[in-house]
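A.B. asks:
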Amino acid sequence: MSEKTITRFAPSPTGYLHIGGARTALFNWLYAKHTGGKFLLRIEDTDQARSTEGAILAILDGLRWLGLEWDGEPIYQLARSERHREIAERLLAEGKAYRCYASPEELVAMRERARAEGRAPGYDGTWRDRDPSEAPSAVTPAIRFKAPREGETIIEDRVQGHVTFANKDLDDLVILRSDGSPTYNLSVVVDDHDMGITHVIRGDDHLTNAARQTQIYKALGWLTPAFAHVPLIHGPDGAKLSKRHGALGVEAYREMGYLPVALRNYLVRLGWSHGDAEIISTKEMIEWFDLDAIGRSPARFDFVKLENLNGHYLRSMSDREIVSQLKSLVPHLPDGAALGARIGEDGWSKLEQAMPGLKERAKTLVELLHNAEFLFVSRPVELDTQARKLLDETGKKILTQLMPRIESVEPWESAALETCVRQFAKETDIKLGKAAQPLRAALTGKTTSPGIFEVLEVLGRDESLARIKDHTNATKSA
RNA sequence: GCCCCCUUCGUCUAGUGGUCAGGACGUCAGGUUUUCAACCUGAAAACAGGGGUUCGAUCCCCCUAGGGGGCACCA
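Counting from 924, one number per residue, gives the positions in the first sequence under this note's numbering.
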């Protein structure tokens, strides 16, 4: 039996693709790639009240951005309702399901009663054996699955292991609503079966569903897929992931300046490991990924580690590649239009030129852009508080002395400029920093920046000299 | 309330019936240095608690505590 692996990611489009979903998608994608199988996408849009077109687009977009391309066309669950209904009818015809005439009010009362008596709040099976002739004519019935009452249902989970549920704890769930629409657990079983899914990898919030679904598979005489229920991701405080933490859509991570490659690396290590490996290329992930190495305990989301990883990948990328990443990122930024205008045509090449110094210092693309701001500002450069302190009388005096020397540097390259300034420092018997810092302040308006000689070179002779003059002239007039 | 799952440094994790319990991020201390990063060196830092089983348990079993998930005519 050498059937191909088929996995799927099945989000419900009621919001963006959040980080937990992204990891689930990644695991499914990796497992499919690892085994040379297929990774399918199914949109579970049967909750018509909550599903939106926008959410679908956000999910597809998020997956593409993360680099998780699916095979074939996405399957829309809603479009398959007829098939689901057909299976529900089949179950009914085979006596494996029955019509339930209980009204919503009766169900509520039933639950309250159960609660009061300390029993599970499930359906009590009133209509399971009741004679259909007693059915109230005014009520259109829902169809309930006739779940086994004795024995147990066992899940052989690839992550959670051998999990046993007592059948008495699993009630008769509705598979077809009174309006004729199928419900989740039936749809999932039918779709996974029809799509030929061999491995269901999903969050462990579905573990109980796996038991119910297993019962349906059995009633239908279908083989169950392999299950792998992955522990959920928690927020930094251990509580459920909220918007405050990381339950943001992946587009939010994009806007924060994270790289897909870094996010994949971070996510794959959340709950999965391969010995001591930390920096893992996508190729290695595919090669190494397996269900057996997925951990059973939930993980907390740690932005700091994500940042570290992102910085690592940023540093290892080519200057050109980063520029192209930035070009596609800027339009997605909140103030993107303005920033894009400020950068202009000229800015991109300056950015690439300054990239060696910039990428060393940034953890995210956004931070990098922020640090590159000095390239785009127009004269006179505005000084921040710290920079102003550096350009005190002493600082300005040094710059004034240094000015003519710099002016004569030829060619205008960082090495030559460095030689010049070092020479100056030596001759005037000051530390290099005493000259470099005021220079930095005058050129960038800040106290931190890439190496000052690179800054001079990238800014160019005219701009650099002008920026310095802006601040030395002030000395004379003062 | 009932059912299910989980528990190794602050965090992500490796690990074995006998290990100095390993790595990474972070932290701290040095080094390098024109700033900030990066980088290098070093340090502190964990087997939730209690019972067993065993010559010996972090590892196997039970209990407790804590955390998480699930109990819809939502998905």
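We put the beta carbon where it would ideally sit given N, CA and C, even for glycine.
Among the residues of its own chain, which have a CB less than 7 Å from the CB of Leu-1190, if the five just before and after it don't count?
C.D. replies: Cβ neighbours of Leu-1190 beyond the five flanking positions: Ala-945, Arg-946, Leu-949.
A.B. asks: So for Glu-1316, helix, strand or coil by DSSP?
C.D. replies: Helix, per DSSP.
A.B. asks: Going by CA-CA distance only, name the one from Leu-1186, Val-1086, Glu-1009, Asp-1128 that's closest to Val-1113.
C.D. replies: It is Glu-1009.
A.B. asks: Closest by CA to Leu-986, which one among Val-1184, Tyr-1107, Gly-1084?
C.D. replies: Selected option, being the one with the closest Cα: Val-1184.
A.B. asks: From which residue to which residue does the beta strand (DSSP E) around Leu-964 run?
C.D. replies: Unbroken beta strand (DSSP E) run through Leu-964: 961-966.
A.B. asks: Which stretch, first to last residue, makes up the beta strand (DSSP E) that contains Val-1123?
C.D. replies: Where Val-1123 is concerned, the enclosing beta strand (DSSP E) stretches over 1122-1126.
A.B. asks: With Ala-1149 and His-1116 assumed to form a contact (beta carbons below 8 Å), what rounded beta-carbon distance in angstroms separates them?
C.D. replies: With a Cβ gap of about 14 Å, Ala-1149 and His-1116 do not count as contacting.
A.B. asks: Quick one: residues in its chain with C-beta nearer than 6 Å to the C-beta of Gly-1263, no 5 flanking neighbours on either side, listed in chain order?
C.D. replies: So the list reads Val-1253, once near-sequence residues are dropped.
A.B. asks: Check Ile-1245 in the structure and name its three-state DSSP category.
C.D. replies: Correct three-state label for Ile-1245: helix.
A.B. asks: Does Thr-958 come out as helix, strand or coil in the three-state DSSP assignment?
C.D. replies: Thr-958: helix per DSSP, three-state reduction.
A.B. asks: As an exercise, report each continuous alpha helix (DSSP H) stretch of at least 4 residues that is fully enclosed by the stretch 1201-1254, in chain order.
C.D. replies: Entirely contained in the stretch 1201-1254, the alpha helix (DSSP H) runs reaching 4 residues are, in chain order, 1205-1211, 1226-1239, 1242-1252.
A.B. asks: What first and last residue would you give for the alpha helix (DSSP H) that runs through Ser-1339?
C.D. replies: This sequence places Ala at residue 1339; Ser is not what is there. Run containing Ala-1339: 1337-1350, per the alpha helix (DSSP H) assignment.
A.B. asks: Applying the 10 Å Cβ sphere with the 16-neighbour rule, what's the burial state of Ala-1025?
C.D. replies: Buried.
A.B. asks: Between which two residues does the alpha helix (DSSP H) carrying Asp-1115 extend?
C.D. replies: Start and end: 1107-1117.
A.B. asks: Using DSSP's beta-bridge definition, name the partner residues of Trp-1271.
C.D. replies: None, per the DSSP bridge assignment.
A.B. asks: Which whole-angstrom value is the C-beta distance of Ile-942 and Ile-1156, which I expect to be below 8 Å?
C.D. replies: Their Cβ separation, rounded to whole angstroms, is 6 Å, which keeps Ile-942 and Ile-1156 in contact under 8 Å.
A.B. asks: Determine, using beta carbons only, whether Glu-1174 and Ala-981 come nearer to each other than 8 Å.
C.D. replies: It is a contact, given that the beta carbons lie within the stated cut-off.
A.B. asks: Just curious, the alpha helix (DSSP H) that Glu-1009 is in, first and last residue?
C.D. replies: Start and end: 1004-1016.
A.B. asks: Output yes or no for whether 8 Å exceeds the beta carbon distance between Asp-1094 and Ala-1133.
C.D. replies: Not a contact, by the Cβ cut-off of 8 Å.
A.B. asks: What residues in its chain sit with their C-beta under 7 Å from that of Cys-1343, if we drop five residues either side in the sequence?
C.D. replies: Excluding positions up to five away in sequence, the list reads Arg-1328, Ile-1329, Val-1332.
A.B. asks: May I ask you to report which of helix, strand or coil DSSP gives Thr-1370?
C.D. replies: Three-state result, Thr-1370: coil.
A.B. asks: So what does Thr-1087 bridge to, in DSSP terms?
C.D. replies: Paired residues: Ile-1077.
A.B. asks: Taking Lys-1091 as the reference, give the member of Glu-1075, Gly-1084, Asp-1080, Arg-1081 with the closest Cα.
C.D. replies: Nearest of Glu-1075, Gly-1084, Asp-1080, Arg-1081 to Lys-1091, Cα basis: Glu-1075.
A.B. asks: Between which two residues does the beta strand (DSSP E) carrying Thr-930 extend?
C.D. replies: Per DSSP, Thr-930 belongs to the beta strand (DSSP E) from 929-932.
A.B. asks: So Tyr-1021 is in the beta strand (DSSP E); what residue range does that whole segment cover?
C.D. replies: Taken as a continuous stretch (DSSP letters only), the beta strand (DSSP E) holding Tyr-1021 covers 1020-1023.
A.B. asks: Between Arg-1219, Lys-1206, Leu-1171, Asp-1102, which lies nearest to His-1085 when the distance is taken from Cα to Cα?
C.D. replies: Out of Arg-1219, Lys-1206, Leu-1171, Asp-1102, Arg-1219 has the C-alpha closest to the C-alpha of His-1085.
A.B. asks: The alpha helix (DSSP H) that contains Ile-1375, what's its start and end?
C.D. replies: 1375-1382 is the span of the alpha helix (DSSP H), which, as asked, contains Ile-1375.
A.B. asks: Starting from Ala-1175, trace the alpha helix (DSSP H) in both directions and tell me its first and last residue.
C.D. replies: Here the alpha helix (DSSP H) through Ala-1175 covers 1173-1178.
A.B. asks: I'd like to know whether the C-beta atoms of Leu-1146 and Leu-1182 end up nearer to each other than 8 Å.
C.D. replies: Not a contact, by the Cβ cut-off of 8 Å.
A.B. asks: Looking at Ile-1217 and Ile-1082, is the spacing between their C-beta atoms short of 8 Å?
C.D. replies: Just to set this straight, residue 1082 is Val in the shown sequence, not Ile. It is a contact, given that the beta carbons lie within the stated cut-off.
A.B. asks: In chain order, what residues of the same chain have a beta carbon less than 7 Å from the beta carbon of Thr-975, not counting five sequence neighbours either side?
C.D. replies: The answer, listed in chain order, is Pro-936.
A.B. asks: Please state if the CB of Thr-969 and the CB of Asn-951 are separated by a distance shorter than 8 Å.
C.D. replies: No. Outside cutoff.
A.B. asks: Determine the contact status of Lys-1273 and Val-1381, defining contact as a CB-CB distance below 8 Å.
C.D. replies: In contact: Lys-1273 and Val-1381 (Cβ atoms closer than 8 Å).
A.B. asks: Measure from the alpha carbon of Lys-1286 to the alpha carbon of each residue in Phe-1297, Asp-1242, Val-1227, then state which is nearest.
C.D. replies: Here the closest residue by C-alpha is Val-1227.
A.B. asks: So what's Ala-1401 in DSSP terms, helix, strand or just coil?
C.D. replies: Confidence is the limiting factor: at Ala-1401 the pLDDT is only 36, short of 50, which leaves the residue's position unreliable and the question unanswerable from this model.
A.B. asks: Are three or more beta carbon pairs between the stretch 1344-1356 and the stretch 1312-1327 nearer than 8 Å?
C.D. replies: Output reads yes: the stretch 1312-1327 touches the stretch 1344-1356.
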